[in-house]
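A.B. asks: Counting in our numbering, the sequence shown runs from 167 upward without gaps.
Handing you this structure, nothing more for now.
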Amino acid sequence: MYALEHRRELTPRWSWMLVAGLMDILISAIIIIGLPGSAVWVLGVLVGVNLVFGGATLIGMAFAAHSGNL
């Protein structure tokens with residue numbers, strides 16, 4: 167929601183935040199549905215994927231701010 171509300175202010179990089187938000191929703195849906203089932207390690211993998219996308223979002227936003235596009 168933040169990405170969609172502020173896409174005018176975050177012009178070139180609002181898509182980074184949108185992708186990270188969509189990944190959060192997808193991963194939470196997988197966990198709620200119970201897809202991992204008996205595999206406890208899958209929960210750690212899903213959280214790891216979430217952290218990777220969150221970190222990539224922050225790096226993309228930092229590069230945009232550094233180059234003056236933000």
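We put the beta carbon where it would ideally sit given N, CA and C, even for glycine.
(1) If you run the structure through DSSP and keep just helix, strand and coil, what is E171?
(2) Quick check: the region 181 to 193 against the region 214 to 231, are at least 3 beta-carbon pairs closer than 8 Å?
(3) From which residue to which residue does the alpha helix (DSSP H) around G226 run?
(4) Within 10 angstroms of the Cβ of A205, are there 16 or more other Cβ atoms? Answer buried if so, exposed if not.
(5) How many angstroms separate the CA atom of I193 from the CA atom of G220?
C.D. replies: Concretely, from the data shown:
(1) Locating residue 171 in the sequence shown gives position 5, where the first residue counts as 1. Correct three-state label for E171: helix.
(2) yes
(3) Looking up residue 226 in the sequence shown gives position 60. Looking at the DSSP string, the run of the alpha helix (DSSP H) that includes G226 is 207 to 232.
(4) Here the question's residue 205 lines up with position 39 in the sequence shown. That one is exposed.
(5) For this step, residue 193 is matched to residue 27 along the sequence shown. For this step, residue 220 is matched to residue 54 along the sequence shown. Those two C-alpha atoms are separated by around 12 Å.
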